[in-house]
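Enquirer: This structure is in structure tokens; I'll ask about it shortly.
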Amino acid sequence: MSHLFQTIGWVITPISYWQGTWEKVGALSSERASLDPKSNRGVRSQTLERALDALQILADGKRRTSQELADELGLHRSIVYRILRTLEDYSLIARASDGKYLLGLGMAALAKSGMGDLEVQVAAVLQELSNVTAATAIFCGPQRDDAVVLASTRPSQRPASVAIRTGTRFPLNGGAPGMAILALRDPREDESDETALARQTGIVHTKGQPFVGLEAVSVPIRMPDGQEASLSLLFPVGDAEATTVARELRTYSARLVLPSEVWQH
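Each residue of the sequence shown is one higher than the one before, counting from -5 in this note's numbering.
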């Protein structure tokens, strides 16, 4: 499981961490946004947001030229080039021999330092859960309006089972894994019935979303540090009983919210 939380792992790092990091290095913007939530809730660093947007675009694994990134960001190439140079200086992106940009190894380093023992905990829970249920288990975190697969495990006794790539993203309201995350938040008038129900029952069940031909059963998870996540099981439609799967999810998700000290003994 050493590949888990590779470059995509940064997505569940709190934005305050990123803002604090960039303000320390002073590399991206001379405009310092106040991080005081009480006095300046609406203040943002535009340059920082543009840099994070660039990283988010590259997170799909597709290499791009500076012009392609500029087109997707809707910015002039000279602005994007300066952002890319700074990101490259910190190894957050790299420039391949063909001149195209991709995420750099510095992303993995940040993810490792930010995740701590969580990667090991999630890997252990997912593998056991997947083996017990003979279904694919995934752990997701939010990024803006998307849910991102941070870890994915298939049952060892069923090598032909469904494989979900880490880094896969889909709308938060587009299936059980994302809806479970939304259930952790305050109700909204436009939210789905599944999300509202999940807030009451702690379980979301969807068919064909977010993956065609698969059922997804998910539980919301509030991590010990307050971050939002979801734990899900995926299986072909009709291949398992949702109530049985939900029971196992509740059991194993409880382990993820235990303090890291418990795991070390």
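Glycine included, every Cβ here is placed at the ideal spot set by N, Cα and C.
(1) List the endpoints of the continuous beta strand (DSSP E) containing Glu222.
(2) May I ask you to list the residues that DSSP assigns as paired with Leu97?
(3) Going along the chain, which residues of its own chain have a beta-carbon closer than 8 Å to the beta-carbon of Glu25, five neighbours each way excluded?
(4) So, with DSSP's three-state summary, where would you put Asp140?
(5) Measuring straight from C-alpha to C-alpha, what distance separates Thr147 and Val74?
(6) Taking Cβ positions, are Val251 and Ile197 nearer each other than 8 Å?
(7) Of all the options Ala128, Thr245 and Leu63, which has the alpha carbon lying nearest to the alpha carbon of Glu235?
(8) Judging by CA-CA distance, which residue of Thr162, Val156 and Ala103 is the nearest neighbour of Leu144?
(9) In whole angstroms, give me the CA-to-CA distance for Leu243 and Thr59.
(10) Would a C-beta distance cut-off of 8 Å place Ala190 and Pro181 closer than the cut-off?
(11) Would you say Ala240 and Thr200 are within 8 Å of each other, going by their C-beta atoms?
(12) Where does the unbroken beta strand (DSSP E) through Val198 begin, and where does it stop?
(13) Going by other Cβ atoms of all chains shown within 10 Å of its Cβ, with 16 needed for buried, is Thr195 buried or exposed?
(14) Mark Val231 as exposed unless 16 or more other C-beta atoms lie within 10 angstroms of its C-beta, in which case mark it buried.
(15) Could you please give the first and the last residue of the uninterrupted alpha helix (DSSP H) stretch that includes Val126?
(16) In the structure shown, what three-state DSSP assignment does Ile77 receive?
(17) Could you give the first and the last residue of the continuous beta strand (DSSP E) run that contains Ser186?
(18) Spell out the partners DSSP gives Arg249 in its beta bridges.
(19) Tell me whether Leu208 sits in a helix, a strand or coil according to DSSP, three-state version.
(20) Which word fits Val116, buried or exposed, when buried means at least 16 other C-beta atoms lie within 10 angstroms of its C-beta?
(21) Can you tell me whether Arg57 is helix, strand or coil according to DSSP?
(22) Is the number of C-beta pairs between the region 218 to 230 and the region 124 to 143 that are closer than 8 Å three or more?
Expert: Quick answer:
(1) Glu222 to Pro230
(2) Checking the DSSP bridge columns, you'll see Leu97 partnered with Ile87.
(3) Legend: pLDDT at Glu25 = 40, less than 50; position of this residue unreliable, no value from coordinates given.
(4) strand
(5) 36 Å
(6) no
(7) Minimum Cα distance to Glu235 is reached at Ala128.
(8) Thr162
(9) 42 Å
(10) yes
(11) no
(12) Where Val198 is concerned, the enclosing beta strand (DSSP E) stretches over Val198 to Lys201.
(13) exposed
(14) exposed
(15) Val126 -> alpha helix (DSSP H) spans Leu112 to Thr127.
(16) helix
(17) Counting along the chain, Ser186 falls outside any beta strand (DSSP E), and DSSP gives it neither H nor E.
(18) Answer by DSSP bridge pairing: none, since Arg249 is not bridged.
(19) strand
(20) Buried, by the Cβ-count rule.
(21) coil
(22) Touching, yes, given that three or more Cβ pairs across the two stretches are closer than 8 Å.
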